[in-house]
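Presented below is the structure to which this report refers.
2 protein chains.
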Amino acid sequence: MSVKYAILGLLHYKDMHGYKIKKHIEQNFGHMWTINHGQIYPALKKMEDEGLVTVTRVDQEGRPSRKVYSISEKGMHTFRSWLESDPEKNMLLRDPFLTRFVFFGFGSKERALEIIGEQIKLYEKYLKKRQDNLVRWQRQDIYVRLIAELGVRLNEMFLSWLRYAYHEISKDMEKTRGEQGQQALGGLT
Amino acid sequence: MSVKYAILGLLHYKDMHGYKIKKHIEQNFGHMWTINHGQIYPALKKMEDEGLVTVTRVDQEGRPSRKVYSISEKGMHTFRSWLESDPEKNMLLRDPFLTRFVFFGFGSKERALEIIGEQIKLYEKYLKKRQDNLVRWQRQDIYVRLIAELGVRLNEMFLSWLRYAYHEISKDMEKTRGEQGQQALGGLT
DNA sequence: TCTACCATGTAATCTGTTACATGATTGC
DNA sequence: GCAATCATGTAACAGATTACATGGTAGA
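Protein chains in written order, with our numbering: chain A, 6 to 194; chain B, 6 to 194.
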């Protein structure tokens, strides 16, 4: 369970509660790691049972109370042996937008441009967020800073590709104006 | 099941057997989609039961025989309604290398550089493959060509980041020569 | 008034990974 | 001789998503 080790890693920096862990991952590592709250709460509970973390309930005024977790000695050892051992696993990646993109040739170009336009807006928003991160992480741990830089570069590259794609498809649409239906299908390898 | 729709999409181009589908995805879409054969064979079977595809057994000399799948009318309709409908799902992304990278500060810099060096070699290999794809897809369907371009750009960006990271960490190592242990931990948000 | 955000949790379901199972051929 | 590639499949397990469940506050 890589979620487990990732949480243990984050708890090295500071104590956190489940909701915060999720927000933190989205904010800082969204370009390399996605997560649901349905994974975090059961994971934290299990880690508590295993003695890897300890909990303190913190009540708040006007807000639901938090369960703040701290890493234990045992948790640190567990984390360290994970960090030092282990052959790398494969990357897991599923991007529904790109999966659809491949097959845009079987639908209308107008719809394709519409969907690409939405992605552009979305990634413009992400880019701002990641640029903020970069500033915040500038004087911190070198690895976290490098990860933030990757986030910005990745986002910039993806945005520039999206705009290029938009442009290329528009061009192609003008070229084939008057014609209709699908393009000729290429011969797949 | 996005695996299902992706297979239906591929079968629009040409008939394929399970093993080929896997190879094809790895070769052409590895930068946006990873897959195991343990997903493909059961999916194909299920799709056959649902009447989305038809099968033909093709015997070969000196090799195991293949089960070649073709998309049916029903399969095309199913695919088309998927393509046109549907709000986008979230991206699923898990990169074990980057997850480890974030926490390299808790291990040794030498080990970090070693692991980064391995990734550089790996992505140099991938880059070659993706550049080959780009040439092969140059005159094909615009969307597939654009996806191939994304693959190359993504790979180039990642490689340049890896080299930059390697350099930055080396620099940092020299700066702190003589000192030992970990860096100061930054205050997380 | 309605949406978004804060904050936790569980259960059912859906997906993905790994190991087991088999076995021939090609290239180093 | 050994590893990789071709080719299919299943079963057990691990991991991820969604919906259900609850409920207050802040801002548009």
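Cβ atoms here follow ideal geometry from the backbone N, Cα and C, with glycine treated the same way.
Note that the coordinates shown come from a computational prediction; the quantities given were computed from them, not determined experimentally.
| Check | Outcome |
| --- | --- |
| I want to see whether chain B comes within less than 8 Å of Ala11(A), judged by CB atoms only; does it? | yes |
| Check the DSSP bridge columns for Val60(A) and list the partner residues they point to. | Tyr74(A) |
| Is the closest heavy atom of the ligand ADP to the C-beta of Thr59(A) under 7 Å? | As presented, the structure is devoid of all ligands, the ligand ADP included, so that no description of it is given. |
| For Leu139(B), which of Lys130(B), Phe108(B), Gly112(B), Ile152(B) has the nearest alpha-carbon? | Ile152(B) |
| Rounded to the nearest angstrom, what separates Tyr24(B) and Ser86(B) at their Cα positions? | 27 Å |
| Just to confirm, is the Cβ distance from Thr59(A) to Ser75(A) under 8 Å? | yes |
| Is Val149(A) closer than 8 Å to Arg135(A) when the C-beta atoms are compared? | no |
| Give me the subset of the stretch 69 to 93 of chain A whose CB atoms are less than 8 Å from a CB atom of chain B, sorted by chain position. | Phe84, Arg85, Leu88, Glu89, Glu93 |
| Counting contacts by CB-CB distance shorter than 8 Å, is Thr61(B) in contact with chain A? | no |
| Quick one: Cα of Met162(B) to Cα of Ile121(B), how far? | 15 Å |
| By a C-beta neighbour count over all protein chains shown, 10 Å radius and 16 as the cutoff for buried, is Met6(B) buried or exposed? | exposed |
| Are the C-beta of Ser7(B) and some C-beta of chain A separated by less than 8 Å? | yes |
| Ser90(B) to Thr61(A), Cα distance in whole Å? | 46 Å |
| Run through chain A and tell me which residues come within less than 8 Å of Ser101(B), C-beta to C-beta. | What sits at residue 101(B) in the sequence shown is Pro, not Ser. What Pro101(B) touches in chain A: Ser7, Glu93, Lys94, Asn95, Met96. |
| I'd like to know if the stretch 38 to 50 of chain B and the stretch 93 to 110 of chain A are in contact, where contact means that at least 3 CB-CB pairs between them fall below 8 Å. | yes |
| Using 10 angstroms around the beta-carbon of Gly80(A), count the other beta-carbons present and answer buried if the total reaches 16, otherwise exposed. | buried |
| With 8 Å set as the bound, which would you pick, yes or no: does the beta-carbon of Glu179(A) sit closer than that to a beta-carbon of chain B? | no |
| Hey, could you find the ends of the alpha helix (DSSP H) Arg150(B) is sitting in? | 147 to 180 |
| For chain B, find out if any of its Cβ atoms is closer than 8 Å to the Cβ of Leu49(A); answer yes or no. | no |
| Looking at chain A, is there any beta carbon in it that lies within less than 8 Å of the beta carbon of Gly122(B)? | no |
| Among all the DSSP beta bridges, which residues are the ones paired with Trp87(B)? | None, per the DSSP bridge assignment. |
| Do Tyr171(B) and Ile125(B) have their C-beta atoms closer together than 8 Å? | yes |
| Within 8 Å (strictly less), CB to CB, does Phe148(B) reach chain A? | The amino acid occupying residue 148(B) in the given sequence is Tyr; Phe does not appear at that position. Yes, contact with chain A. |
| Measuring only between beta-carbons, confirm whether Ala153(A) sits less than 8 Å from chain B. | no |
| Locate the alpha helix (DSSP H) running through Arg99(B), then write down its first and last residues. | Where Arg99(B) is concerned, there is no enclosing alpha helix (DSSP H), although the beta strand (DSSP E) it sits in stretches over 97 to 99. |
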